[in-house]
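Take a look at the structure below.
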Amino acid sequence: MKVDIVTIFPEMVGAALATGIIGRAIAGGRLDVAVHDLRDATTDRHRVVDDVPFGGGPGMVLKPEPLFASVEAIRAARGEPAAVILTSPDGRRFTHAEAERLSRLPHVVVLCGRYEGVDERVRQHLATEELSIGDYVLTGGELPALVIVDAVARLLPGVVGDEQSVARDSFARGSLDFPQYTRPAEFRGLGVPPVLLSGHHREIERWRRREALRRTIERRPDLLKDGVRDRDDAALLQELLEQREKGAE
Ligand code: 4GX
């Protein structure tokens with residue numbers, strides 16, 4: 001997959017992508033990321049990317065010319081992207097389902113917004129979609145771009161070593177994760193659920209599914225409504241919901 005990121009802080013974005021699993025995916029050629037300095041697409045001596053808003057008011061707005069020029073240079077050098085994403089608090093919420101959708105595209109461009117925002121003509125005539133990573137205000141779109149690239153890249157074949165672990169990811173299943181323990185079996189007097197030490201794989205699997213569902217009912221009941229479940233999970237869920245009813249009486 002090809003990804004182009006347009007930003008006024010290319011060093012920040014480049015450094016984050018060079019590290020860890022994503023860095024390895026880029027080094028191994030599974031992910032082709034190019035980071036572009038928005039200022040390289042300016043034509044004036046001072047490399048100005050922002051200006052005051054028409055109509056007045058506080059703050060600055062990213063000018064349209066450098067953003068259009070940057071995407072046009074990307075088109076010429078790297079081909080026509082399948083999506084041009086603007087990171088913005090006004091965007092559709094970025095979720096795991098959105099990550100899966102993007103992971104099936106061959107080439108995406110991500111534009112990092114800054115200041116009070118971008119000229120509306122960028123939103124309407126350059127970006128093909130706007131994505132928000134959550135309802136909070138950040139200082140710029142660089143962290144959202146990195147969040148999006150990270151979540152998408154780990155879905156690409158061969159990026160995360162264990163394919164099975166990606167398929168079993170909590171949001172891919174529609175429930176939260178089960179509790180994890182590692183050695184030692186007793187730590188400061190705190191034990192580990194005995195079933196995990198029993199070696200009974202079927203029972204361990206069932207315990208994990210029950211605990212994952214219990215945690216999801218408790219913390220994120222909203223996830224349960226559209227989750228896909230097999231018959232065993234449906235039965236476990238029913239059982240837990242009934243237990244809860246009783247507990248509430
Ligand atoms: N999820 N921000 C972008 C500037 C801006 C405003 C409007 C384009 C349009 C954010 C988020 C986020 C703050 C990044 C405002 N750019 N982006 N920036 N939450 O809060 O994506």
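Heads up, the sequence shown is in my numbering, so the first residue is 1 and it goes up one at a time.
Just so you know, even glycine gets a beta-carbon here, dropped at the ideal spot from N, CA and C.
So if DSSP puts residue i in a beta bridge, which residue, or which two residues, is it bridged to?
i             : result
aspartate 32  : Lys2
serine 132    : Arg93
arginine 114  : Gly140
valine 109    : Asp4 and Val84
aspartate 177 : Answer is none; aspartate 177 lacks a bridge partner.
leucine 62    : Asp50 and Val118
aspartate 37  : Thr7
leucine 190   : Phe187
Taking 6 Å as the cut-off, is the C-beta of residue i nearer than that to any heavy atom in the ligand 4GX?
i              : result
valine 118     : yes
threonine 87   : yes
isoleucine 148 : no
glycine 113    : yes
proline 144    : yes
valine 110     : no
glycine 141    : yes
serine 132     : yes
valine 137     : yes
On a Cα-Cα basis, can you pick out the residue from the options that is closest to residue i?
i              : options                           : result
leucine 156    : Phe178, Gly29, Pro66 and Arg208   : Gly29
glycine 117    : Ala145, Met60 and Ala76           : Met60
arginine 214   : Leu197, His200, His201 and Asp233 : Asp233
alanine 16     : Gly158, Glu242, Asp150 and Pro66  : Asp150
histidine 209  : Asp169, Ile74, Met12 and Glu72    : Here residue 209 turns out to be arginine, not histidine, going by the sequence shown. Cα-wise, what sits closest to arginine 209 is Asp169.
glycine 55     : Val152, Asp119, Gly14 and Glu11   : Asp119
isoleucine 174 : Thr95, Ala73 and Asp135           : The residue you asked about is not isoleucine; residue 174 is glycine in the sequence shown. Out of Thr95, Ala73 and Asp135, Thr95 has the C-alpha closest to the C-alpha of glycine 174.
proline 66     : Gly141, Gly199, Asp50 and Leu197  : Asp50
glycine 140    : Met1, Val192, Phe9 and Val3       : Phe9
aspartate 101  : Val152, Ala76, Val147 and Arg93   : It is worth fixing the name first, because residue 101 is arginine in this sequence and not aspartate. Measuring from the Cα of arginine 101, the nearest candidate turns out to be Val152.
lysine 225     : Val147, Gly247 and Phe171         : Phe171
aspartate 177  : Arg231, Val160, Glu211 and Glu72  : Glu211
threonine 43   : Gln238, Val159, Phe68 and Glu11   : Phe68
alanine 73     : Ile5, Gly158 and Gln243           : Ile5
methionine 1   : Pro144, Val159, Ala77 and Thr128  : Val159
proline 179    : Arg206, Gln164, Glu163 and Ala167 : Arg206
threonine 7    : Leu38, Ala167 and Ala18           : Leu38
Please check the pair residue i and residue j, which I expect to be a contact at CB under 8 Å, by giving their CB distance rounded to whole angstroms.
i              : j              : result
proline 81     : serine 132     : Proline 81 to serine 132, Cβ: 20 Å. No contact.
leucine 240    : isoleucine 217 : 6 Å
cysteine 62    : valine 84      : The displayed chain sequence assigns leucine, not cysteine, to residue 62. About 14 Å; that fails the 8 Å criterion.
isoleucine 204 : valine 195     : 6 Å
leucine 86     : arginine 114   : That belief does not hold up - the Cβ atoms of leucine 86 and arginine 114 are roughly 11 Å apart, past 8 Å.
serine 70      : alanine 41     : 4 Å
arginine 92    : glutamate 130  : 7 Å
leucine 146    : valine 13      : 7 Å
arginine 154   : isoleucine 21  : 7 Å
State whether the stretch 33 to 40 contacts the stretch 101 to 108, with contact taken as three or more CB pairs (one from each stretch) at a distance under 8 Å. no
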